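Student:
There are 2 protein chains.
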Amino acid sequence: MSPAATIDNDEARAAVLQSANAVFYARGIAGVGMADIRDDSGVSLRRLYSLYPSKRELVAAWLTDRHTTWMEWFTSSVDRRSMAGEEPLLAAFDAIAEWAESPGYRGCAFVNSAAETVEIDDTHRRIIAAHKESLLAYLISLARDGGYAEPERLGRMIGVLLDGGMVEAAVLRSCEPIVAARDAAAVLIEASQ
Amino acid sequence: MSPAATIDNDEARAAVLQSANAVFYARGIAGVGMADIRDDSGVSLRRLYSLYPSKRELVAAWLTDRHTTWMEWFTSSVDRRSMAGEEPLLAAFDAIAEWAESPGYRGCAFVNSAAETVEIDDTHRRIIAAHKESLLAYLISLARDGGYAEPERLGRMIGVLLDGGMVEAAVLRSCEPIVAARDAAAVLIEASQ
DNA sequence: TTGACATGAGAATGGTCGTTCTCCTATAGT
DNA sequence: ACTATAGGAGAACGACCATTCTCATGTCAA
Numbered sequence: 000m001s002p003a004a005t006i007d008n009d010e011a012r013a014a015v016l017q018s019a020n021a022v023f024y025a026r027g028i029a030g031v032g033m034a035d036i037r038d039d040s041g042v043s044l045r046r047l048y049s050l051y052p053s054k055r056e057l058v059a060a061w062l063t064d065r066h067t068t069w070m071e072w073f074t075s076s077v078d079r080r081s082m083a084g085e086e087p088l089l090a091a092f093d094a095i096a097e098w099a100e101s102p103g104y105r106g107c108a109f110v111n112s113a114a115e116t117v118e119i120d121d122t123h124r125r126i127i128a129a130h131k132e133s134l135l136a137y138l139i140s141l142a143r144d145g146g147y148a149e150p151e152r153l154g155r156m157i158g159v160l161l162d163g164g165m166v167e168a169a170v171l172r173s174c175e176p177i178v179a180a181r182d183a184a185a186v187l188i189e190a191s192q
Numbered sequence: 000m001s002p003a004a005t006i007d008n009d010e011a012r013a014a015v016l017q018s019a020n021a022v023f024y025a026r027g028i029a030g031v032g033m034a035d036i037r038d039d040s041g042v043s044l045r046r047l048y049s050l051y052p053s054k055r056e057l058v059a060a061w062l063t064d065r066h067t068t069w070m071e072w073f074t075s076s077v078d079r080r081s082m083a084g085e086e087p088l089l090a091a092f093d094a095i096a097e098w099a100e101s102p103g104y105r106g107c108a109f110v111n112s113a114a115e116t117v118e119i120d121d122t123h124r125r126i127i128a129a130h131k132e133s134l135l136a137y138l139i140s141l142a143r144d145g146g147y148a149e150p151e152r153l154g155r156m157i158g159v160l161l162d163g164g165m166v167e168a169a170v171l172r173s174c175e176p177i178v179a180a181r182d183a184a185a186v187l188i189e190a191s192q
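Protein chains in written order, with numbering that gives the first Met the number 0: chain Z, 0 to 192; chain B, 0 to 192.
Shown next, in the form of structure tokens:
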């Protein structure tokens with residue numbers, strides 16, 4: 000009953016999103032054509048357009064998918080370090096520092112996408128803003144769990160430091176700004192005891 | 000002896016850089032064509048290409064020019080607030096906050112440009128990194144002048160907070176992250192007395 | 001087998017943009 | 001006044017890209 004195909008739509012979608020993630024992050028949205036996605040994923044243009052009717056919608060799907068994937072990676076990375084006895088709010092910086100040291104690091108995909116003007120519309124911007132709100136909510140929950148005074152205030156301060164660290168590490172190609180950010184976070188946490 | 004022209008090359012260059020600044024910042028580099036620069040500046044394509052042999056070189060000239068202009072604006076804005084009795088390192092955040100509240104704010108032009116992949120090459124990246132190094136050196140000098148312990152460390156922490164504030168303010172369209180950054184800076188400064 | 005249809009490969013279309021070229025005007029030096 | 005030349009307006013060229021279309025293939029249901 001289902002249409003004949005080498006791979007079904009779900010598999011094709013997964014392959015497309017995986018390629019989109021690799022290639023959009025590495026080369027920017029405007030730097031990647033639909034043909035590049037096809038070449039990387041092996042999904043034909045025809046199928047690509049049947050799954051995602053336009054590049055805009057593919058980008059929106061990628062951003063949404065990346066939000067989920069990235070948050071899962073980030074929270075589990077923080078969790079793992081916390082289990083090992085590290086202060087969770089500081090573990091956040093170590094997770095980012097490890098990422099920033101890995102090859103291909105180009106900063107926060109959401110910040111980079113927001114900086115692109117040609118291919119990004121308001122739908123995308125909403126996804127991006129929601130990602131940052133979500134990250135902030137997580138940091139605030141960590142601050143709350145830590146029992147610090149004014150957890151919302153502390154969480155926001157940590158959030159600014161994290162974003163600043165990610166951006167500067169990308170621009171300067173060094174994870175030293177993340178170390179400085181962690182250093183600052185430690186002072187702020189100490190002051191919130 | 001000089002060739003006949005409505006305006007001379009220096010004036011044309013100034014007009015082009017002014018237009019480039021307005022339009023590259025507002026719409027991104029990839030979002031602006033050479034024809035847009037011509038339309039905004041009134042300098043013909045022919046002359047444009049005689050002044051800047053390619054878009055890449057125009058972009059490099061814009062970034063260089065913007066570095067100078069922005070640093071002048073920033074330092075004088077900090078100076079003015081310092082004269083009025085404010086702590087210079089905190090005044091930096093107020094300057095940025097005022098900017099972020101102004102219409103057309105889109106974050107740091109250098110960070111945005113670095114996020115663009117299609118039109119930005121290594122020459123541009125070097126200018127961008129040099130800008131951030133320069134900003135950092137200024138912040139460190141303020142920390143030194145303030146007589147704080149470990150001024151380099153403090154300056155770096157303030158730098159990360161500033162960049163984080165600029166980025167988040169752009170993404171979330173709110174200057175609240177800058178307020179949080181300033182708040183954090185005050186704690187760090189206090190701890191560096 | 002046969003017909004209906006989904007799919008892939010890749011050509012075609014339409015638009016954008018960096019860069020160059022053509023044609024024309026106006027000026028400066030003679 | 002005359003000519004060489006700089007400059008403007010805008011067309012032309014070539015490349016790239018999102019999107020659609022054509023044609024050929026293969027599969028499923030009867």
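Using N, Cα and C, we set each Cβ at its ideal position, and we do this for glycine too. Source: prediction; values computed, not measured.
Could you name the residues of chain B that Ile-139/Z contacts, counting a contact when the two beta carbons are closer than 9 Å?
Tutor: Under the 9 Å cutoff, chain B gives no residues; its nearest Cβ is about 11 Å from Ile-139/Z.
Student: Just to confirm my understanding: we take Gly-163/B, look at its own chain, exclude 5 residues before and 5 after, and list those with CB closer than 8 Å. What are they?
Tutor: Only Pro-176, Ala-180 meet the Cβ criterion.
Student: If the criterion is Cβ atoms closer than 8 Å, does the pair Ala-21/B and Asp-38/B meet it?
Tutor: Contact: no.
Student: To the nearest angstrom, how far is the alpha carbon of Val-58/Z from that of Gly-158/B?
Tutor: Cα to Cα, the separation comes out at about 32 Å.
Student: Please confirm if Met-70/Z has its CB atom under 8 Å from at least one CB of chain B.
Tutor: Not one chain B Cβ lies under 8 Å of Met-70/Z.
Student: Check whether the Cβ of Ile-127/B lies closer than 8 Å to any Cβ atom in chain Z.
Tutor: With 8 Å as the cut-off, Ile-127/B counts as an interface residue toward chain Z.
Student: Could you name the residues of chain B that Asp-162/Z contacts, counting a contact when the two beta carbons are closer than 7 Å?
Tutor: Simply Gly-163, Val-166, Glu-167.
Student: Measure the C-alpha to C-alpha separation of Tyr-147/Z and Gln-192/Z and round it to an integer number of angstroms.
Tutor: Spanning the two alpha carbons is a distance of roughly 6 Å.
Student: Over the uninterrupted alpha helix (DSSP H) stretch that includes Ser-81/Z, give me the two end residues.
Tutor: Taken as a continuous stretch (DSSP letters only), the alpha helix (DSSP H) holding Ser-81/Z covers 54-82.
Student: Is any beta-carbon of chain Z found at less than 8 Å from that of Gly-103/B?
Tutor: Gly-103/B does not count as touching chain Z.
Student: When the Cβ atoms of the region 9-18 of chain Z are set against those of the region 42-51 of chain Z, are three or more pairs found closer than 8 Å?
Tutor: They touch, by the three-pair rule.
Student: Is the closest heavy atom of the ligand SAH to the C-beta of Ala-90/B under 7 Å?
Tutor: Of ligands this structure carries none, so the ligand SAH is not represented either.
Student: Are Ala-91/B and Val-77/B closer than 8 Å when you measure CB to CB?
Tutor: Yes. Within cutoff.
Student: Within 8 Å (strictly less), CB to CB, does Arg-26/B reach chain Z?
Tutor: Output row for Arg-26/B: interface = yes.
Student: Report the neighbours of Leu-187/Z on chain B: residues whose CB is nearer than 8 Å to its CB, in chain order.
Tutor: Within 8 Å Cβ-Cβ: Ala-183, Val-186, Leu-187.
Student: Let me confirm a value: Gly-154/B is counted as buried when at least 16 other C-beta atoms fall within 10 Å, else exposed. Which label applies?
Tutor: Counting Cβ neighbours within 10 Å, Gly-154/B comes out buried, since at least 16 surround it.
Student: For Glu-100/Z, which residues of its own chain have a beta-carbon under 7 Å away from its beta-carbon, when the five flanking residues on both sides are left out?
Tutor: So the qualifying residues of the chain are Cys-174.
Student: Taking all protein chains shown into account, decide if Pro-102/B is buried (16 or more other Cβ within 10 angstroms of its Cβ) or exposed.
Tutor: The residue is exposed, with fewer than 16 neighbouring Cβ atoms inside 10 Å.
Student: Output the boundary residues of the alpha helix (DSSP H) element that contains Gly-164/Z.
Tutor: Taken as a continuous stretch (DSSP letters only), the alpha helix (DSSP H) holding Gly-164/Z covers 150-171.
Student: What three-state label does DSSP hand Thr-116/Z in the structure shown?
Tutor: Here Thr-116/Z sits in coil by DSSP.
Student: Do Gly-32/Z and Val-117/B have their beta-carbon atoms positioned less than 8 Å apart in this structure?
Tutor: Going by C-beta atoms, Val-117/B is not nearer than 8 Å to Gly-32/Z.
Student: Measure the C-alpha to C-alpha separation of Ala-108/Z and Tyr-24/Z and round it to an integer number of angstroms.
Tutor: Near 6 Å, if we compare the C-alpha coordinates of Tyr-24/Z and Ala-108/Z.
Student: With a cut-off of 8 Å on the beta carbons, I'd call Leu-135/B and Leu-88/B a contact; round off their distance for me.
Tutor: Actually they are not in contact, since the Cβ atoms of Leu-135/B and Leu-88/B sit about 13 Å apart, beyond 8 Å.
Student: Taking the C-alpha atoms as reference points, what is the distance between Arg-143/Z and Glu-151/Z?
Tutor: If I take the Cα positions, the gap works out to 8 Å.
Student: Leaving out the 5 sequence neighbours to the left and right, which residues in its chain are closer than 8 Å to Trp-98/B when beta-carbon positions are compared?
Tutor: Cβ within range, chain order: Tyr-104.
Student: Within 10 angstroms of its Cβ, does Pro-83/Z collect 16 or more other Cβ (buried), or is it exposed?
Tutor: According to the sequence shown, residue 83/Z is Ala rather than Pro. Ala-83/Z comes out exposed.
Student: Is Gln-17/B helix, strand or coil when you go by DSSP?
Tutor: Helix, per DSSP.
Student: Taking only three categories from DSSP, how would you classify Val-42/B?
Tutor: Val-42/B: coil per DSSP, three-state reduction.
Student: Taking the continuous alpha helix (DSSP H) assigned at Asp-194/B, which residues delimit it?
Tutor: Residue 194/B cannot be examined here, being either before or after the span of chain B that is shown, 0 to 192.
Student: Where in the region 92-136 of chain Z do unbroken runs of the beta strand (DSSP E), each at least 3 residues long, occur, reported from the N-terminal end onward?
Tutor: Those beta strand (DSSP E) runs which fall completely within the region 92-136 of chain Z and span 3+ residues do not exist here.
Student: Mind listing which residues of the region 107-118 of chain B have their C-beta closer than 9 Å to chain Z's C-betas, in chain order?
Tutor: Per Cβ criterion, the list reads Cys-107, Phe-109, Val-110, Asn-111, Ser-112, Ala-113, Ala-114, Glu-115, Thr-116, Val-117, Glu-118.
Student: Taking Gly-30/Z as the query, report the chain B residues whose CB atoms sit under 7 Å from its CB, ordered along the chain.
Tutor: Those within 7 Å of Gly-30/Z in chain B are Thr-116, Val-117.
Student: I want to see whether chain Z comes within less than 8 Å of Arg-155/B, judged by CB atoms only; does it?
Tutor: Yes, its Cβ sits closer than 8 Å to a Cβ of chain Z.
Student: For Pro-150/B, return the contacting residues in chain Z, with the cut-off set at a CB-CB distance below 8 Å.
Tutor: Residues of chain Z passing the Cβ test: none, with the nearest at roughly 13 Å.
Student: Look up Ala-190/Z in the DSSP assignment and say whether it is helix, strand or coil.
Tutor: Helix.
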